[in-house]
Structures are given as structure tokens and as C-alpha cells.
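Colleague: In our numbering, the protein residues as written are 2 to 188.
#1: For my contact list, residue 125 and residue 90 are in at a C-beta cut-off of 8 Å; report their separation, rounded to the angstrom.
#2: Beta carbon of residue 127, beta carbon of residue 100: below 9 Å?
#3: Ignore the nearest five residues each way along the sequence and tell me which others in residue 178's own chain have a CB closer than 7 Å to its CB.
#4: Exposed or buried, which one is residue 94 when buried takes at least 16 other CB atoms within 10 Å?
#5: Work out the CA separation of residue 174 and residue 83 for me, nearest whole Å.
#6: Could you tell me whether the region 70-80 touches the region 4-19, using the rule of 3 or more Cβ pairs below 8 Å?
#7: Taking 6 Å as the limit between beta carbons, can you name the residues of its chain near residue 161, skipping five residues before and five after?
#8: Which partner residues of residue 8 appear in the DSSP bridge assignment?
#9: Straight-line CA distance for residue 187 to residue 170?
#10: In terms of alpha-carbon separation, which member of 111, 120, 88 lies closest to residue 151?
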């Protein structure tokens, strides 16, 4: 698989998805798309965490909950598209990432306690939009979270963010901001 497109855009005519699709089109690569808005992706709960821990302990990843992690680990490049809602990623994307962070599938631990990546991806691009300004630094619970996971678990060397923010502010030319993000995405 060349590119894995993780689509966490829940709205019809999503501004975020518009940028992501332009990114995909500019690349011309084949891609596999996961439409999280239409998938049954659930967070680990009291029952599923037991099954998860037993599978990890026995290195038996046949359970379907590991399918998204296997797909993520096999991808050569990853595009994640999600709006920033309330200064963070949508819950459905968080639930997906919880399953992707599967020890023995996307990462493992060395004897010294450090994380070893089992992912093939050399690049992860996060495409996002926000109605207001995107937070920076320690308040960034969207791209900052993805970058932390990439650095810590997956060791993806090229992690970038393409965005258009402040789209709901009075007087903003939304199309102009989106087109500028599409131009940056094509680089």
C-alpha cells in the first residue's frame, strides 16, 4: 500500500476533506481510504481491554481490533485528515489512534524500555482546518498529539501539518485560505 488516507472528516462538504483530496490528487498515488465517520471504531473499554491485553501478552493479533494497526504499520505514507474541534482531534480519530497504538503491531519495546517502531511509513501528513486560530505549543492537542505519537512510537521521520485556520472569523475569505492550504499541501 502506498498511501493510507485516514479520513476523520465527519461533515458533508468538509473544508478539511477538500484540502486532503487536493493533496491526494496532486500526488497521484494510489491510496487506501478509511472513512472513520462510517466505521465502527470504538475505544477500549472494560471488556475489550482484557482481550487487548491478552492478545498483546500472547502476541496473537488475529482479533479484528488489530486490523487498523496492521494497516497503519504496513503503509508507506499516511495522510490523516481531521478538523480541529474544541482544540483537539475528533473523538473518533482518537479512538482509532488508540487501536493503532498496539504494542507488537505498530511498535514494540526494547529490553531497555525504549520504543521500537514496527511501522514502514516515512511520512505522516496531518491536514486540518479550524474555525478559529489553531493553538500552538503545549496547547496543541491536535497536531501536537499526532507528532508525539509519531516521534515516540512510530519513529516516522517526516511529520507535517497542512492547515487553514480562523475560517469562521468575520471577514475571512474562506476559499482564499483553503486554496493557500492546498498550495502548501502540493509542495
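C-beta atoms are modelled at their ideal positions from N, C-alpha and C, and glycine is treated no differently.
Modeller: Reading it off the structure:
#1: The residue labelled residue 125 in the question sits at position 124 within the chain shown. The residue labelled residue 90 in the question sits at position 89 within the chain shown. Contact flag wrong, Cβ pair sits at about 14 Å.
#2: Within the chain shown, the letter at position 126 stands for residue 127. Within the chain shown, the letter at position 99 stands for residue 100. Against a cut-off of 9 Å, the Cβ pair of residue 100 and residue 127 comes out as no contact.
#3: To locate residue 178, count along the chain shown from 1; it is residue 177. The beta carbon of residue 178 sits closer than 7 Å to the beta carbons of 165, 168 from its chain, once the five residues preceding and following it are set aside; these are given in chain order.
#4: Translated into positions along the chain shown, residue 94 becomes position 93. With 16 or more other Cβ atoms from the protein chains shown falling within 10 Å of its own Cβ, residue 94 counts as buried.
#5: Here residue 83 refers to the residue found at position 82 when the chain shown is read from its first residue. Here residue 174 refers to the residue found at position 173 when the chain shown is read from its first residue. Distance between the alpha carbons of residue 83 and residue 174 is about 21 Å.
#6: yes
#7: One-based indexing of the chain shown puts residue 161 at position 160. 126, listed in sequence order.
#8: For this step, residue 8 is matched to residue 7 along the chain shown. Paired residue(s): 36, 82.
#9: Numbered from its first residue, the chain shown carries residue 187 at position 186. Numbered from its first residue, the chain shown carries residue 170 at position 169. Whole-angstrom Cα-Cα distance: 25 Å.
#10: One-based indexing of the chain shown puts residue 151 at position 150. Residue 120 is the option with its Cα nearest to residue 151.
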